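Protein chains in written order, with this note's numbering: chain A, 1 to 417; chain B, 1001 to 1417; chain C, 2001 to 2165; chain D, 3001 to 3165. Reviewing the structure listed below.
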Ligand SMILES: Cc1ncc(COP(=O)(O)O)c(C=O)c1O
Ligand SMILES: Cc1ncc(COP(=O)(O)O)c(C=O)c1O
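Below, the structure written as structure tokens:
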């Protein structure tokens, strides 16, 4: 068996560290941890639906956190279902809608081609239960074309799910138009949006958008893991997908994770405390990083759009002739923590479906690196990253046969046996 | 809207507090919280399947915690699936087995009548998918009779689920015999056991028991909320029930809750550090509490068995002529935190199905109170509880018309209009 | 507005639970009535002392949750000094409001209390005075009907959802 | 044994990733061969310098993950000084073991490396020396076959699982 402690030792602790993998796992600031602490053993450590003091204290945490979330989204009615992750909330949205509609004539589920797997996979699974699964293509920057969407939905469509912001390439959809286009075809079509990567980076107004369901995840806004949220519009009927003892809600069984919910509440508060300032800061760092990479490293491609239609925290670049997992390790050794859309990191034998969906070739997808900036990064962080990336890529290109093949003329017949 | 802060103020903070509601929500000791802290923002805050330093550190937490758990259960092969709660792990066991067997001829699911709702409800839901749902009755102390069980299973039985220890009345089943009886009928029948309330209180040897699946929950052993575990025997095929991006496991999508897993690991370590001592302590407190209540409060019934076949942490008493939710509040005002099997606290219009299943009448179930003792309680705690209970019950019996009706002769016709 | 369904009570309920007003059997009551059943886990007994067309005193007993106790207690407060007609016109919503609101799953407590009161008033006229005023409807009021339904419904639900085989 | 499928490497892999041995193009190689494809995200090039029946030098290039780089590097270390027959007899498991173990989803890295080596040896005899020793089987070895299969299979999987419509 692999001794991980020895691997960690071999890696060593870099003297300078910059965490840019907030996409996969959020870094939790001390203030948020602080907010969780009392609820483990000082107060509110009870069950929020039991009528005793620690239970009522726990209930207050649930209630006040959700009230705050509602305010930030301009939600005036409807329910916020607490799950333990964005993945679970997305599954509830998709599978719960299908279960509730099981006997109806609406059998079509339409999702964009670049949805997160926690939307894509449950939707695709519904094919086995007799639903029709349709993906909407996106353009070279990841945008869904409203006209194409409008042609793909009809009065047999049960559900449309299109995310607000893409998690890998940062594309910000014109969601209001997409909702309108769908509702114009048939106002009964249910519209879900995965806002996991939009929350805290964009202003979201649920009433104005007109969506029926919306997903959030705590650890994507520097809250702790263990909290996902599904907003369900007033009057919309979905079915639970798991069963058990109910606490304060009908749609997800079991006790609420109260300390994590307290931390999530604090994370929401922090994200919205100086919302404009936070966003501005992220945008500046984002552009600094994009420009710096494209200027200093040859053979690179920016994935996703530029400017106002790109999420403020998203930088995604394909480094040609090198493979992404190697890059993540090479950068990790230099104290820079990122992730890749390479097949090697995806645990299936394919690279990122998002990068492929915008028309990149496989070899371009394999070399894609996602840098997820947060307001906890500084200019100095980005300067450090920019000082290391050219060195890192150069070293890996030294190792790669492809980099040199692209530069020199080589007897192909000789090399490809 | 109810202002919970005002409710808390009206309640006040009792000067002396004894937490005995560990059934519904575990109290987390400072050592466990301490073990979680680094993983929010110091190390291991990455994603355990991403190849960078914080990811590998996270993976080490997952791996080392599960290795420890395996050791405590004598698991030599097979998988431990991480979910976010015992409820989720039970759902995976039941629904995942049914999904995997979807096209087979085995269509019968057999569970005991006193299972936790997170076993009972998913199993019952399977009726809608063409499965046969059968409950095994229990005797007056909550025991499943092996002969009856043997008669209820057959070669069309897919799954049997019987918990090791009942969560409400503490009955410890003779699980090894129950597994044997089932496997004797047909060795292909899958046997799941919900060991949520057994772990840390009983010695469990998975190999010796011969079960195929087993459920644990972190917050039931003073770990943090956010971690459930399903052991799945080597070679047993179940299907995932949720879908999304995979991290280090196939059976539950999404990122592992690493800080919580670190805390769970510490909780396991603490529970097994002085296992015998912990159990002995709980048993002494349990018997002290049972004896004290039965001696000092008239019209009380102990629910569940006495002695070695009762879980060391479980005390469950029905106080006649008073209603359980009132008792939890009355005791809460005295700083004693418990829960009740009353209909009022169950969020469905029925009292505890467990108390009913052992043959108690509804009015007996409504007055049932569950005291869940932990090793963090002291003799002084129990002395305090015993000093308060007679006063609390007496006050409520003063309010109740039933208590007096049972004492005095009253013109029934006059009172029941 | 929250859509949660917890048992977070208004502070008023807890206050009345701690110090219920008008608690206890009244030995010289003009009429006594009861709603709910032990099997439901909810019983409210209402005692009224009537002088002419006025309720001059009232008390209660309750077997039930805190909301049940508080609803019965506040109802007896609300009706003291009222005419029978005025008392009859009270609704369960009035009682719930007076309590500072009730969680939806506790509405039935207020319904039981008002149902018990109306049963008492009806009984007073039908069985004791043996003459009915014009304002007393022949049909059951919604609270009486709902109390009755709940008493019967819960019995049926036990049978339906009972897990014991 | 853990059943997790993470990318937790042995320290040896990381060590070789940091300081690969025998890295780079060999200009005077006796034979060069390659396995994998850019579309798969895995390419290993193996260079051999052969003197008589001995491999007197070997080097590699790798486009791929850390396991890929480490597998290719350690393989070139393992075969230096070996006869061609001894080198041929190496299996991907030997390489994986030498690396201190591989996560199951990384077995293919070791297979590609050994597949590349065997292709090189086969090519050396078939195309350069144009005479085959007795020990060289006519059929492809398991690593050559699996490398070929992977190259083809992955192309097919892309088509099957591709989400782009
Ligand atoms: C867009 C999007 N949706 C859903 C999820 C799933 O959220 P969680 O990690 O909380 O399961 C993620 C996280 O990777 C995401 O980026
Ligand atoms: C026996 C039993 N099984 C399962 C569960 C569910 O565990 P969790 O609270 O982690 O969802 C509980 C908790 O109440 C339990 O007591």
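Where a beta carbon is used, it is the ideal one built from N, C-alpha and C, also for glycine. Here the structure is a predicted model, which means the values were calculated and not measured.
Once DSSP output is grouped into helix, strand and coil, what is the label at residue i?
i: residue 403 of chain A; result: helix
i: residue 388 of chain A; result: helix
i: residue 1194 of chain B; result: strand
i: residue 3184 of chain D; result: Residue 3184 of chain D lies beyond the residue range present for chain D, which begins at 3001 and ends at 3165; the question has no answer from this structure.
i: residue 2061 of chain C; result: strand
i: residue 3066 of chain D; result: helix
i: residue 2164 of chain C; result: Because residue 2164 of chain C sits at a pLDDT of 35, beneath the cut-off of 50, its placement in the model cannot be relied upon, and the following sentence gives the value as read from the coordinates. In the structure shown, residue 2164 of chain C sits in coil (DSSP, three-state: anything other than H, G, I, E or B).
i: residue 1316 of chain B; result: strand
i: residue 369 of chain A; result: strand
i: residue 1292 of chain B; result: helix
i: residue 1139 of chain B; result: coil
i: residue 3035 of chain D; result: strand
i: residue 1125 of chain B; result: helix
i: residue 72 of chain A; result: helix
i: residue 2076 of chain C; result: helix
Give the residues of chain B in contact with residue i, contact being defined as C-beta atoms less than 7 Å apart.
i: residue 3008 of chain D; result: 1056 and 1059
Using the beta-carbon of each residue, which ones in chain D are nearer than 9 Å to residue i?
i: residue 315 of chain A; result: Ordered by position in chain D, no residue passes the 9 Å Cβ test against residue 315 of chain A, which lies about 21 Å from the chain.
i: residue 404 of chain A; result: 3025 and 3061
Give a yes or no on whether the minimum CB-CB distance between residue i and chain B is below 8 Å.
i: residue 16 of chain A; result: no
i: residue 3162 of chain D; result: Caution applies to residue 3162 of chain D, whose pLDDT of 47 falls short of 50 and renders its modelled position unreliable; the value that the coordinates give is listed next. So no, residue 3162 of chain D is outside the interface.
i: residue 162 of chain A; result: no
Distance check for residue j and residue i, CA to CA, integer angstroms please.
i: residue 2084 of chain C; j: residue 2055 of chain C; result: 6 Å
i: residue 131 of chain A; j: residue 107 of chain A; result: 5 Å
i: residue 2052 of chain C; j: residue 2139 of chain C; result: 24 Å
i: residue 1272 of chain B; j: residue 1281 of chain B; result: 14 Å
i: residue 415 of chain A; j: residue 3031 of chain D; result: Note that residue 415 of chain A scores a pLDDT of 41, beneath 50, so its modelled location is shaky and nothing firm can be said.
i: residue 1212 of chain B; j: residue 1192 of chain B; result: 6 Å
i: residue 2015 of chain C; j: residue 1010 of chain B; result: 7 Å
i: residue 3091 of chain D; j: residue 3111 of chain D; result: 8 Å
i: residue 1166 of chain B; j: residue 1090 of chain B; result: 14 Å
i: residue 1242 of chain B; j: residue 232 of chain A; result: 19 Å
i: residue 249 of chain A; j: residue 217 of chain A; result: 18 Å
i: residue 3074 of chain D; j: residue 1093 of chain B; result: 43 Å
i: residue 1245 of chain B; j: residue 1057 of chain B; result: 20 Å
i: residue 2146 of chain C; j: residue 2115 of chain C; result: 8 Å
i: residue 388 of chain A; j: residue 293 of chain A; result: 10 Å
Does chain C have any CB closer than 8 Å to the CB of residue i?
i: residue 211 of chain A; result: no
i: residue 1148 of chain B; result: no
i: residue 1438 of chain B; result: Because chain B here runs from 1001 to 1417, residue 1438 of chain B falls outside it and cannot be looked at.
Any beta carbon from chain A within less than 8 Å of residue i's own beta carbon?
i: residue 1337 of chain B; result: yes
i: residue 3016 of chain D; result: no
i: residue 1304 of chain B; result: no
i: residue 3165 of chain D; result: Only weak support is given to the placement of residue 3165 of chain D: the predicted model assigns it a pLDDT of 26, under 50, and the value that follows is read from those uncertain coordinates. Yes, because at least one Cβ of chain A sits closer than 8 Å to the Cβ of residue 3165 of chain D.
Using DSSP bridges, identify the partner residues of residue i.
i: residue 1213 of chain B; result: B:1192 and B:1232
i: residue 2054 of chain C; result: C:2051 and C:2083
i: residue 133 of chain A; result: A:109
i: residue 1310 of chain B; result: B:1171
i: residue 1079 of chain B; result: B:1232
i: residue 3042 of chain D; result: D:3037
Could you name the residues of chain D that residue i contacts, counting a contact when the two beta carbons are closer than 7 Å?
i: residue 399 of chain A; result: 3020, 3023, 3061, 3062 and 3069
Against chain D, with Cβ distances strictly below 8 Å, would residue i count as a contact?
i: residue 32 of chain A; result: no
Interface residues of chain A around residue i at Cβ under 7 Å?
i: residue 3043 of chain D; result: 401 and 402
i: residue 3066 of chain D; result: 325, 326 and 329
Output, in chain order, the set of chain A residues within a Cβ distance shorter than 9 Å of residue i.
i: residue 1255 of chain B; result: 24, 25, 85, 87, 219 and 225
Starting from the beta carbon of residue i, find every residue of chain A whose beta carbon is closer than 8 Å, and list them in chain order.
i: residue 3011 of chain D; result: 3, 6, 7, 9 and 10
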